[in-house]
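The letter at position 25 of the sequence shown is residue 25 when you use full-length UniProt numbering, and the numbering goes up by one with no holes. Note that beta-carbon positions come from the ideal geometry of N, C-alpha and C, so glycine has one too. This report concerns only the one structure given below.
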Amino acid sequence: MNKEIQVKLPDGSVRAFEQGVRLESIAESISSSLVKNAAAGKIDGILVDLSTPVEQDGSIEIVTVDSPEGIEVYRHSTAHLLAQAVKRLFGASSVKLGIGPVIEDGFYYDMDLPSPLTSDDLSRIEREMKRIAEEDLPIRRKAVSRKEALDLFAQLQEPLKLELIRDLPEDAEISIYEQGEFVDLCRGPHLPSTGKIKAFKLLSVAGAYWRGNSDNKMLQRIYGTAFPKKSELDEHLHMLEEAKKRDHRKLGKEQGLFLFSEEAPGMPFYLPKGMIIRNELEKLERELHNTRGYEEVRTPLMMNKRMWEESGHWDHYKDNMYFTQVDETEYALKPMNCPGHMLIFKSGLRSYRELPIRLAEFGQVHRHEYSGALSGMMRVRTFCQDDAHLFVRPDQIEEEIAGVIDLIDHMYAIFGFSYRIELSTRPEDSMGSDELWEQAEQSLRSVLERRGIEYRLNEGDGAFYGPKIDFHILDALKRSWQCGTIQLDFQMPEKFGLSYVGEYNQKHRPVVIHRAVYGSIDRFIGILTEHYSGAFPLWLAPVQAKVVPVSEHDLDYAYQVKQSLAKAGIRVEVSAKNEKLGYKIREAELEKVPYVLVVGKSEQEAGAAAVRKRGEGDLGKQQLPDIIERLNREIRDKHTGK
């Protein structure tokens, strides 16, 4: 008879079980609903299958499918379900399996297939996956030796799996998972059976080089997603459809905001209406800078290579930079604005009384991105960064960081963005002493904790010159985007030999706070376009009002109305097409113009217009001065217009 072991549960209670008891049995002993919702378990913090026996005293936890770790196990098992279905449909010997990892919101599986897949094929594969799920096949883990693994996958004619096995470290534990006739090389863990997989959808297929290397064979990558409940899957698919409608590339083209050309890959061309949005964003930030003691500067697009070597960017960033020769000297297009601001600070004698000095720049930067990574405004090769560098005394660090947090909070509130904060600490390729890094990290922690701000620790993801606070905004679809950042830097002032004269005429080293609010203005415009679904708030809309004449006879008055609004600073157009009134109103609504002003004979006689507001409908006839006051008041208040 096996001896008794003591198992500690997450609530702190301790229970006695027979040695070798499986996690599944422990879950069942706690409650039938728990075992029903269980995806995997943990033994002393290590994630394992529910079929794993517990051999000694320790802590255990049952991982449910609605937890972050549980949903990963669920999706990983669905990836195996996909691979098994493809094997069944296209022939086990014809399909060569690559890898099938979990990704954000889903999974994919790379496969070498005899012919390209179509959307009809994806539907067939889905139906086969459902049949396998209904078979409720047990999913079982088996540890094997390297030789056993090589022999097995050689027999299965799986060359890609053999390559993966050969590349494993000598001391690696190798395991396989079996479900029915299907076998896969995998660390796991997995669900107990295919019947646990309830709701999934195959989304698309794309090409992918084996192991991400363009020298290797191109495989077919099938993307999918899975959820424990059909309602959750339906909600996610609805969100994906909504995201397609909101795609900034589609809306940007429809609304004439920006375009991309093969003549300049990854470099946006701003059209007049897109330029209005960009100028308004810069104007807003300039207004806030002016009340917070910032001074605007501009630095060259290109500087000598030695500048980037001195700053440390050469060692850490040269693969992402563009270079050119000028007078037999190597120059680089700037990927960041920091070194230029260091030179400006260094250009004169600075007193402790002048600090903090806050230098801001809307600086155009260039960074090399692979063509396959480019994605509209979200991933480009040149963008405008709303950079600022605050040169401060050590005793000013926390107060200045707090001021930047207030600025970012104020800006994001204007757009209706909520956000979460991450504190990113020292990366592996950092420069500088342990002591300075510890001082910098503690300064950032202190500001966040004193202000009672919740944050998540993101270890090892700081900039190479200092730790940072990152702001992740949530858009209307609850997608997360990292935009604002605050970085504390003791290194670059040292590199550039920056100093200020202290109270007793001694030289001291300033500390630099790097700061961005939008991050990339171009990317921020892409995010805003999708967040508002092209229906920009009044203050930001390229066209704030559209005057729609009832007939051609009312065109002259329509242009008079336009002139009155334009004189008041309102961006306005006239719908001059010879079309029916209903068509013109509908067209303006499709263009998502905030205000439509309908004018006919009665409006002309009254010096008025019939006002229609986006989202609210008909507001009735109003006098032109009242309309102008209404719009200008709303613009001043910067309503979100949502």
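Reduced DSSP secondary structure (H/G/I, E/B, other) of T425
coil
Between D105, E104, I103, L113, which lies nearest to L97 when the distance is taken from Cα to Cα?
The shortest C-alpha separation from L97 is found at L113.
Within a Cβ cutoff of 6 Å, which residues of the same chain sit near T382, ignoring the five residues on either side of it in sequence?
Counting only residues of its own chain and dropping the five nearest sequence neighbours on each side, T382 has a CB closer than 6 Å to the CB of M267, H366.
As an exercise, report each continuous alpha helix (DSSP H) stretch of at least 4 residues that is fully enclosed by the segment 241-310, in chain order.
248-254, 272-290
In the structure shown, what three-state DSSP assignment does T529 receive?
helix
Residue of D121, L540, R211, S261 minimising C-alpha distance to F415
The shortest C-alpha to C-alpha distance from F415 to any of D121, L540, R211, S261 is the one to L540.
Anyone know if the C-beta pair for S520 and G462 falls short of 7 Å?
no
To which residues of the same chain is V550 closer than 8 Å at the C-beta, ignoring the five residues directly before and after it?
L581, V598, V599, G600, K601
Please report the distance separating the alpha-carbon of E503 from that of P356.
15 Å
Pairwise C-alpha distance: L137 and E55
26 Å
Indicate the three-state DSSP secondary structure (helix, strand or coil) for G502 in the structure shown.
coil
Do R141 and D66 have their CB atoms nearer than 7 Å?
no
Are there three or more Cβ pairs, one per stretch, closer than 8 Å when the segment 383-397 is compared with the segment 521-535?
yes
Would you identify the three-state DSSP class for residue 664, choosing helix, strand or coil?
Within the shown structure, residues of the chain are numbered from 1 to 642, placing residue 664 beyond reach of any answer.
Would you kindly report the start and end of the unbroken alpha helix (DSSP H) that includes N458?
Element bounds for N458: not the alpha helix (DSSP H) but the beta strand (DSSP E), 456-458.
Alpha carbon to alpha carbon, what distance is there between E126 and L162?
28 Å
Tell me the residue span of the beta strand (DSSP E) that contains R612.
608-613
Can you find at least 3 beta carbon pairs, one from the segment 551-562 and one from the segment 573-592, that sit closer than 8 Å?
yes
Taking buried to mean at least 16 other C-beta atoms within 10 Å of its own C-beta, is A154 buried or exposed?
Within a 10 Å sphere around the beta-carbon of A154 sit fewer than 16 other beta-carbons, which makes this residue exposed.
Is the Cβ-Cβ distance between Y518 and H508 less than 7 Å?
no
Okay, do the segment 16-30 and the segment 174-187 touch, 3+ Cβ pairs below 8 Å being the bar?
no
Length of the line joining the Cα atoms of R588 and L251
At residue 588 the sequence reads Ala, which differs from the Arg that was named. Approximately 15 Å between the Cα atoms of the pair.
Residues in the same chain with beta-carbon distance under 7 Å from E398, minus the five sequence neighbours each way, listed in chain order, please.
S443, S446, V447
Which same chain residues, not among the five before or five after R286, have their C-beta less than 8 Å away from its C-beta?
Answer for R286: E296, listed in chain order.
Can you tell me whether G12 is buried or exposed, with buried defined as 16 or more other CB within 10 angstroms of its CB?
exposed
Run through DSSP, which three-state label would A16 get?
Note: A16 maps to strand in three-state DSSP.
Cβ of K546 within 7 Å of Cβ of V596?
yes
What first and last residue would you give for the alpha helix (DSSP H) that runs through C186?
No alpha helix (DSSP H) holds C186; DSSP gives it neither H nor E.
Euclidean distance between Cα positions of R128 and G58:
Reading off the sequence shown, one finds Glu at residue 128, where the question assumed Arg. It is roughly 41 Å from the alpha-carbon of E128 to the alpha-carbon of G58.
Coil, strand or helix - W481 by DSSP
strand
Could you round the C-beta distance between I277 and P192 to whole angstroms and report it? I think they count as a contact, below 8 Å.
For I277 against P192, the beta-carbon gap comes to about 52 Å, at or over 8 Å, which does not count as contact.
Are L359 and H389 closer than 7 Å when you measure CB to CB?
yes
Is the distance from the Cβ of V574 to the Cβ of Y559 below 7 Å?
yes
Output yes or no for whether 7 Å exceeds the beta carbon distance between A133 and I222.
no
Residue 652 to D151 span [Cα, whole Å]:
In this structure the chain extends from 1 to 642, so residue 652 is not present and cannot be described.
Could you check where the alpha helix (DSSP H) with M218 kicks off and where it finishes?
Careful: M218 lies outside any alpha helix (DSSP H), inside the beta strand (DSSP E) at 218-227.
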